Amino acid sequence: MNNQNVDDHNLLLISQLYPNVYTPLVPQQGEAKPARRRKRKSKSVAVAEEGGAGGNGWFRKRKLSDEQVRMLELSFEDDHKLESERKDRLASELGLDPRQVAVWFQNRRARWKNKRVEDEYTKLKNAYETTVVEKCRLDSEVLHLKEQLYEAEREIQRLAQRVEGTLSNSPISSSVTIEANHATPFFGDYDIGFDAEGDENLLYSPDYIDGLEWMSQFM
DNA sequence: TTGTGTTTTACGACCTCC
DNA sequence: GGAGGTCGTAAAACACAA
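Residue numbers for the first sequence follow full-length UniProt numbering, so the first one is 1 and each next one is one higher.
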């Protein structure tokens, strides 16, 4: 048995003893899937091939087991940062290389950050959509109020014409008719403006005061 | 079965902090 | 200067539709 075979044999034994912890790359019996050749070697594999420290093949595994991931997740929930003491403890508890634990935390932090950005985006999007709906509602309210104003103007005009008819024989009737026809503002003449308090209001433009004077004739 | 998109593991480059 | 962080990306594993 050469060195590689010894390593594989050891891995097989370990994976049988700790099926939830060790997930060796060594193909199991009946497992036909050949490992695809990597362009970039992982450090542990490179070390193993060189026969260096820790390079006896014991850590030649890829996907972490469910149990390992579960323990790492628990630890991550505790604290997203990884002090070297915790890293070493986790590594020995899970039978992993401390480097693997560090890498797992790096990747987990990246995923967590992505998720946070995604959540933030969703929240902003919802807020934007709510604002758009509210704007539509306000626009429609403005339209409704303008219609009401228009109806009020029509009513005032009708009243004015009735007054004109009533006073047609009076000496001042001609001047009232002229002024009313000249000064009556119509719906389209109103616009958004600002009152004395600086609040937005529907104002008669171009001359709101004239409008008020015109109204006062009928009060 | 195969092509394709996604997830997971791992690494190098670079940065910050002590 | 070393340890440990982020960022970008390669590559393997995995999921899944066609």
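Glycine included, each C-beta is placed from N, C-alpha and C at the ideal position. All values reported here derive from a predicted model rather than from experimental measurement.
Query                                                                                          : Result
CA nearest to the CA of S84, picked from D97, H144 and L124                                    : D97
Limits of the alpha helix (DSSP H) - the one that D88 falls within                             : S84 to L94
Where K135 sits in the DSSP three-state scheme                                                 : helix
Beta-carbon proximity check, A102 vs K87, cutoff 8 Å                                           : yes
Straight-line Cα distance separating W112 from N126                                            : 21 Å
Reduced DSSP secondary structure (H/G/I, E/B, other) of S65                                    : coil
Expected contact under 8 Å - CB spacing of L90 and L64 to nearest Å                            : Actually they are not in contact, since the Cβ atoms of L90 and L64 sit about 12 Å apart, beyond 8 Å.
Straight-line gap, L124 to F76 (C-alpha atoms, nearest Å)                                      : 27 Å
Pairwise C-alpha distance: H144 and K135                                                       : 14 Å
Alpha-carbon spacing of K115 relative to R108, whole angstroms                                 : 10 Å
The ligand MN heavy atom lying under 7 Å from the CB of L167                                   : As for the ligand MN, it is missing from this structure, which has no ligand bound.
For L82 and F105, believed in contact at Cβ under 8 Å, the rounded distance                    : 5 Å
Per-residue burial, Q148 [other beta carbons within 10 Å of its own, 16 or more giving buried] : exposed
DSSP-derived helix/strand/coil call for H80                                                    : coil
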